[in-house]
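Encoded as structure tokens, the structure appears first; notes follow it.
Number of protein chains: 2
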Amino acid sequence: MSQEQDTRTAFMEATYRALCTHGYADLTMQDIADETDKSKAALHYHFDGKDDLFREFLAYLHEGFAEKIADHPEGTPVEQLVALVRRVLDPVDEGSEHHFNTAFMEIKAQAPYRDGYREILRRFDSDLRTEIADLVREAIEDGQYDEGTEPEAVAEHVLTYIHGTWTRAAAIGADVVTMREHLVEDLLDLLVDDATVPIGVEATGEQATATADGDAITGNGSDDVVGSG
Amino acid sequence: MSQEQDTRTAFMEATYRALCTHGYADLTMQDIADETDKSKAALHYHFDGKDDLFREFLAYLHEGFAEKIADHPEGTPVEQLVALVRRVLDPVDEGSEHHFNTAFMEIKAQAPYRDGYREILRRFDSDLRTEIADLVREAIEDGQYDEGTEPEAVAEHVLTYIHGTWTRAAAIGADVVTMREHLVEDLLDLLVDDATVPIGVEATGEQATATADGDAITGNGSDDVVGSG
Numbered sequence: 559m560s561q562e563q564d565t566r567t568a569f570m571e572a573t574y575r576a577l578c579t580h581g582y583a584d585l586t587m588q589d590i591a592d593e594t595d596k597s598k599a600a601l602h603y604h605f606d607g608k609d610d611l612f613r614e615f616l617a618y619l620h621e622g623f624a625e626k627i628a629d630h631p632e633g634t635p636v637e638q639l640v641a642l643v644r645r646v647l648d649p650v651d652e653g654s655e656h657h658f659n660t661a662f663m664e665i666k667a668q669a670p671y672r673d674g675y676r677e678i679l680r681r682f683d684s685d686l687r688t689e690i691a692d693l694v695r696e697a698i699e700d701g702q703y704d705e706g707t708e709p710e711a712v713a714e715h716v717l718t719y720i721h722g723t724w725t726r727a728a729a730i731g732a733d734v735v736t737m738r739e740h741l742v743e744d745l746l747d748l749l750v751d752d753a754t755v756p757i758g759v760e761a762t763g764e765q766a767t768a769t770a771d772g773d774a775i776t777g778n779g780s781d782d783v784v785g786s787g
Numbered sequence: 559m560s561q562e563q564d565t566r567t568a569f570m571e572a573t574y575r576a577l578c579t580h581g582y583a584d585l586t587m588q589d590i591a592d593e594t595d596k597s598k599a600a601l602h603y604h605f606d607g608k609d610d611l612f613r614e615f616l617a618y619l620h621e622g623f624a625e626k627i628a629d630h631p632e633g634t635p636v637e638q639l640v641a642l643v644r645r646v647l648d649p650v651d652e653g654s655e656h657h658f659n660t661a662f663m664e665i666k667a668q669a670p671y672r673d674g675y676r677e678i679l680r681r682f683d684s685d686l687r688t689e690i691a692d693l694v695r696e697a698i699e700d701g702q703y704d705e706g707t708e709p710e711a712v713a714e715h716v717l718t719y720i721h722g723t724w725t726r727a728a729a730i731g732a733d734v735v736t737m738r739e740h741l742v743e744d745l746l747d748l749l750v751d752d753a754t755v756p757i758g759v760e761a762t763g764e765q766a767t768a769t770a771d772g773d774a775i776t777g778n779g780s781d782d783v784v785g786s787g
């Protein structure tokens, strides 16, 4: 890695730490410089202000996100799908990660006002949607999901629900695991009648116990919007 | 209405207009005063800074929201439920309303950092959840929804999805109507097999045509996470 790359990576890591401490709205270039052994002038040498720095920071985050969602564990497509949802909605109740998620919500809220932010945020959505749709497609090919299941529609729904989970967690402190496991149940409800219960995807909610019963594996009856049928 | 009340209402209306113009992050007390015939000093006389003003503003918004979601049209419970979802997720593509939704997203993102914001935002969620759960309960009593349907679980799911719709619309400019109509289809999929097609709740998506077929009324087959069965 060149020294220039080293420096930029150090600034990205410093931005992450500074965000966790200060949030996005009140964050200054000085706060970020303070997280490095460089001066604010050095930061300004590399970036043309906060917006410019954050466009690179979002691209840097996206790179990590893309790697994270493409890294599937061994298992059936539905097991991988459930694992993906749980990885993306991994609750972080303490320390810096929690504050980072709050700060990332601020960045999303600022996106309409800042040049270039939305374009990068769309890549997060687009990659996640593709990943989900691909797994649903594989689940259909493997006979876990019915042929009538529509990969793109499922992916869109899951994506919107995931955004809602992040938002409710940040805005009002709603519990991520509860919301996430409802989504997992919906994904398990899509299994065909004679599908094997996926290994390792038992519901983890307090009241939930994974059972193979009818066409749905739900915690307590029809505990999701999919409900009856 | 007393003169004091008149003044406070005028400040709330001014805050709404100022938010639409400036967004939340950059909004100053002066910006708000500029939307009235009062001085910034008068504003400071009534409110102890921006956070204090915004706590009252959120309560003012909540009052309007509570009235909006409780105002049901004539119809069956499911018709009312669909109408509620469409009312809450009414797309606003132009002018001030659009900017207001963007600004409201900023306020949600700031909630973790500001005293008292979360408490008021929770009331929005709690009222909407209650309203949805009550309608689902009525739908079960009326025989539109199966007895196994769980009102609270459906309400939670719808609430999270609605937040996701708002977030994706603000953050990346995703289409509200497309996301909303997927949710409507999910709610119609919950109808029991012999339920009458609700009047006035035909899908409005481009490719969607309302049909009474089996237990689901969907646009194009299983175009939602509910999918097959």
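Going down the list, the sequences are from chains A and B.
Under my numbering, the residues of the first sequence are numbered 559 to 787, in order.
Under my numbering, the residues of the second sequence are numbered 559 to 787, in order.
A virtual CB, placed ideally from N, CA and C, is assigned to each residue, including glycine.
Check: Close Cβ partners of B/Leu642 (< 8 angstroms) along its chain, the five nearest in sequence each way excluded; Outcome: Ile627, His630, Glu689, Ile690, Leu693
Check: A/Leu647 and A/Leu745 closer than 7 angstroms at C-beta; Outcome: no
Check: C-beta neighbour in chain B for A/Phe569, strict 7 angstroms; Outcome: no
Check: Same chain, Cβ closer than 8 angstroms to B/Arg676, neighbours up to 5 away in sequence not counted; Outcome: Ala669, Pro670
Check: Minimum Cβ-Cβ distance from A/Ala729 to chain B less than 7 angstroms; Outcome: yes
Check: A/Tyr582 in three-state terms, based on DSSP; Outcome: coil
Check: Selected residue, minimal CA-CA separation from B/Pro635, among B/Asp610, B/Tyr703, B/Ala617, B/Ala729; Outcome: B/Tyr703
Check: Residue from B/Ala727, B/Ser684, B/Gly722, B/Ala729 with nearest C-alpha to B/Glu710; Outcome: B/Ser684
Check: Distance, B/Glu743 Cα to A/Tyr719 Cα; Outcome: 15 angstroms
Check: CB contact check: B/Arg676 to chain A, cutoff 7 angstroms; Outcome: yes
Check: Burial state of B/Tyr618, where buried means 16 or more other Cβ atoms lie within 10 Å; Outcome: buried
Check: Neighbourhood of A/Thr579 by C-beta distance below 6 angstroms, restricted to the same chain and skipping five residues each side; Outcome: none
Check: Below-7 angstroms beta-carbon distance, B/Ala583 vs any chain A residue; Outcome: yes
Check: 8 angstroms Cβ cut-off: residues of chain A touching B/Ile720; Outcome: Gly722
Check: Opposing strand residues paired with A/Leu749 [DSSP bridges]; Outcome: A/Tyr703
Check: 7 angstroms Cβ cutoff, B/Thr725 in contact with chain A; Outcome: yes
Check: Exposure of B/Ala697, with buried meaning 16 or more beta-carbon neighbours within 10 Å; Outcome: buried
Check: Collapsed DSSP secondary structure at A/Leu647 in the structure displayed; Outcome: coil
Check: Cβ-Cβ distance between A/Arg726 and B/His604 below 7 angstroms; Outcome: no
Check: Buried or exposed by the 16-neighbour rule on C-beta atoms within 10 Å, applied to B/Arg645; Outcome: exposed
Check: Short CB-CB distance (under 7 angstroms) between A/Tyr671 and chain B; Outcome: yes
Check: Selection from B/Glu705, B/Glu714, B/Ala661 that minimises the alpha carbon distance to A/Arg738; Outcome: B/Glu714
Check: B/Phe615 at chain A interface by Cβ criterion, 7 angstroms; Outcome: no
Check: Chain B contact for A/Arg738 (CB, 7 angstroms cutoff); Outcome: no
Check: Start-to-end residues for the alpha helix (DSSP H) that takes in A/Gly722; Outcome: 709-730
Check: Euclidean distance between Cα positions of A/His620 and B/Ala599; Outcome: 45 angstroms
Check: Closest by C-alpha distance to A/Ala815, when choosing among B/Lys666, B/Leu749, B/Leu748, B/Val734; Outcome: This structure leaves residue 815 of chain A out entirely; chain A is present only between 559 and 787.
Check: Buried versus exposed, by CB contacts within 10 Å (16 or more), A/Asp700; Outcome: exposed
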